[in-house]
Amino acid sequence: MNDNGSIRWGILSAASIARGSFLPALRAAGDGKAAVVGARDLRRAETFAASEGVERAVEGYDAVLDDPSIDAVYVALPNSLHAEWTIRAMDANKVVLCEKPLCVSEAETETVLRVAHESRALLWEAFVFPFRRHFHRLREIVTGGDIGDLLSIESNFHFQLQGRANIRLMPELGGGALNDVGCYCIHLATLLFGRPPARGTALAQRAAEGVDEEIAGVLDFVDASTLIFSCGMSREQDTFCRIICSEGEVRLSNPFHPSPDDALEILCGGETSVEHPSGPEPSFTAAIQHIHAVLREQEPPRHLATVDSLPTARGLQFARDASLGRTPARELA
Ligand SMILES: NC(=O)c1ccc[n+]([C@@H]2O[C@H](COP(=O)([O-])OP(=O)(O)OC[C@H]3O[C@@H](n4cnc5c(N)ncnc54)[C@H](OP(=O)(O)O)[C@@H]3O)[C@@H](O)[C@H]2O)c1
Numbered sequence: 010m011n012d013n014g015s016i017r018w019g020i021l022s023a024a025s026i027a028r029g030s031f032l033p034a035l036r037a038a039g040d041g042k043a044a045v046v047g048a049r050d051l052r053r054a055e056t057f058a059a060s061e062g063v064e065r066a067v068e069g070y071d072a073v074l075d076d077p078s079i080d081a082v083y084v085a086l087p088n089s090l091h092a093e094w095t096i097r098a099m100d101a102n103k104v105v106l107c108e109k110p111l112c113v114s115e116a117e118t119e120t121v122l123r124v125a126h127e128s129r130a131l132l133w134e135a136f137v138f139p140f141r142r143h144f145h146r147l148r149e150i151v152t153g154g155d156i157g158d159l160l161s162i163e164s165n166f167h168f169q170l171q172g173r174a175n176i177r178l179m180p181e182l183g184g185g186a187l188n189d190v191g192c193y194c195i196h197l198a199t200l201l202f203g204r205p206p207a208r209g210t211a212l213a214q215r216a217a218e219g220v221d222e223e224i225a226g227v228l229d230f231v232d233a234s235t236l237i238f239s240c241g242m243s244r245e246q247d248t249f250c251r252i253i254c255s256e257g258e259v260r261l262s263n264p265f266h267p268s269p270d271d272a273l274e275i276l277c278g279g280e281t282s283v284e285h286p287s288g289p290e291p292s293f294t295a296a297i298q299h300i301h302a303v304l305r306e307q308e309p310p311r312h313l314a315t316v317d318s319l320p321t322a323r324g325l326q327f328a329r330d331a332s333l334g335r336t337p338a339r340e341l342a
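Residue numbers (the working numbering): 10 to 342.
Spelled out as structure tokens, the structure:
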């Protein structure tokens, strides 16, 4: 922290997500400072810093981690680089917010989480929806008992990728629809069921580049609890989810990055009520405010990667393996 108490953030790469989502949310959070951005090319970092109001630009990611004035690091790199740079950031004693998915395999996730445990690092995976009012309200309804017991979740996340020059289409960088957006569906289910899946299956349509461009699957959370998910990068935006309970259900137009227009519909006993729990604040703001409050010892940490990330990594691994034919797609009992 600097003299006026701002949390000082370092940003790894001049990524679109840093420009479009993280920095507007950091500005809205109010008590953090974008102190340094590192990019592979210094000119690119300088251009980014100048246009986004970041104090300093440096060449390379190490130079961000070497800066002793930096409290927290945002890892906005392609998926295949998350593990390496998250570990390096934790080794440099930084608090870390790493983009989703934390890693590109369950085994790699276990390695990163082992380092986080051993070094007692504060590490978050950038699923920001659990910090939003929308999710709090959903959880309140699902656990409140009025619509019975949670049985099943149906979750979509589709969007239309513009152009082919994109990290999401590069297998060597951990691209593919499952890693990019399927992780949201699986994360939602692990949080609501409160446990990892026990088995799963999936089928993918592959892009010419080799990644899964569309993928659908089923994960079995045991005790008759299932997630049916569908995600991809070649259809109109669709983030619709149904949370099906024994005496009713909740339908959500977008639980992942909700805006004030996004509805949460509760169906129970033939009646439907509609709520719009989300405000206009940027999607990342609540998560960043929480991280700042933890650093100021004003709140205990919630949704740390050491708690939340492995169940999602396991679900992703089931779906990834099945879609690649690495393990037989398992029939559900
Ligand atoms: N949480 C969310 O809501 C959300 C939304 C979108 C994306 N994401 C995640 O954010 C991450 C970045 O996504 P993005 O859409 O922002 O990607 P992007 O615009 O393509 O940025 C990726 C950055 O990675 C760096 N990079 C390092 N090695 C690279 C390589 N070999 N090839 C290409 N780029 C390389 C580049 O950095 P330099 O600047 O150093 O050149 C580039 O700025 C991904 O993990 C994605 O899943 C999260």
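Positions of the beta carbon are idealized from the N, C-alpha and C atoms, including for glycine.
- Judged by pairs of C-beta atoms under 8 Å, the stretch 122–133 touches the stretch 87–106, as three or more such pairs exist.
- Its chain contains Pro-87, Asn-88, Ser-89, Val-113 as the residues whose beta carbon lies nearer than 7 Å to that of Gly-183, once the 5 sequence neighbours on both sides are disregarded; these appear in chain order.
- Contact between His-91 and Glu-115 does not hold, since the beta-carbon distance rounds to 14 Å and is not under 8 Å.
- Annotation for Leu-86 indicates a beta carbon within 6 Å of some heavy atom of ligand 1.
- Put simply, of Ser-287, Gly-257, Ile-253, Ser-282 the residue whose alpha carbon is nearest the alpha carbon of Pro-269 is Ser-287.
- Between the stretch 317–326 and the stretch 167–176, the count of C-beta pairs closer than 8 Å stays below three; the two stretches do not touch.
- If you draw a 10 Å sphere on the C-beta of Ser-255, you find fewer than 16 other C-beta atoms in it, and that means exposed.
- Looking from the CA of Ser-332, the closest CA among Ala-58, Ala-48, Ala-213 belongs to Ala-213.
- For His-91, there is no enclosing beta strand (DSSP E); the residue is part of the alpha helix (DSSP H) that begins and ends at 91–100.
- For Leu-32, the uninterrupted alpha helix (DSSP H) run begins and ends at 32–38, by DSSP.
- Considering only Phe-136, Ser-282, Ala-233, the residue with the shortest C-alpha distance to Thr-294 is Phe-136.
- Ala-81 is positioned such that its CB atom lies no closer than 7 Å to that of Gln-298.
- Residue side-chain check: Ser-25 places its Cβ nearer than 6 Å to a non-hydrogen atom of ligand 1.
- Judged by DSSP in its simplified three-state form, Thr-210 adopts strand.
- Minimum Cα-Cα distance from Ser-164 among the listed residues Gly-62, Ala-198, Leu-147 corresponds to Ala-198.
- Listed in chain order, the non-local C-beta contacts of Asp-158 below 7 Å within the same chain comprise Cys-254, Ser-255, local neighbours out to five positions each way being set aside.
- Residue range 280–284 is occupied by the beta strand (DSSP E) that includes Ser-282.
- An exposed status is given to Ser-78, since fewer than 16 other beta-carbon atoms sit within 10 Å of its beta-carbon.
- Bridge partners of Arg-251 according to DSSP: Glu-163, Arg-260.
- In this structure the stretch 229–236 lies against the stretch 191–206, because at least three pairs of beta carbons, one per stretch, are closer than 8 Å.
- A residue is called buried when at least 16 other Cβ atoms come within 10 angstroms of its Cβ; Asp-221 meets this threshold and is buried.
- For Tyr-193, no beta strand (DSSP E) run applies; the uninterrupted alpha helix (DSSP H) run containing it begins and ends at 192–202, by DSSP.
- Relative to ligand 1, even the nearest heavy atom lies 6 Å or more away from the CB of Ala-174.
- Here Ser-282 is exposed: its Cβ has fewer than 16 other Cβ atoms, across all protein chains shown, within 10 Å.
- Rounded to whole angstroms, Gly-153 and Leu-325 show a C-alpha spacing of 29 Å.
- Going by DSSP, Ile-79 is part of no beta strand (DSSP E) at all; its letter is neither H nor E.
- Counted as a single uninterrupted DSSP element, the beta strand (DSSP E) harbouring Arg-65 occupies residues 65–68.
- Ile-297: not part of any beta strand (DSSP E); member of the alpha helix (DSSP H) spanning 294–304, first to last residue.
- Straight-line measurement puts the Cα of Leu-261 at about 16 Å from the Cα of Cys-240.
- The residue among Ala-130, His-312, Ala-186, Ile-195 with its C-alpha nearest the C-alpha of Pro-264 is Ile-195.
- In this structure, Arg-52 has its CB at a distance of at least 6 Å from all heavy atoms of ligand 1.
- By the C-beta density criterion, Pro-110 is buried, having at least 16 other C-beta atoms within 10 angstroms.
- For Arg-260, the shortest separation between its Cβ and any heavy atom of ligand 1 does not lie below 6 Å.
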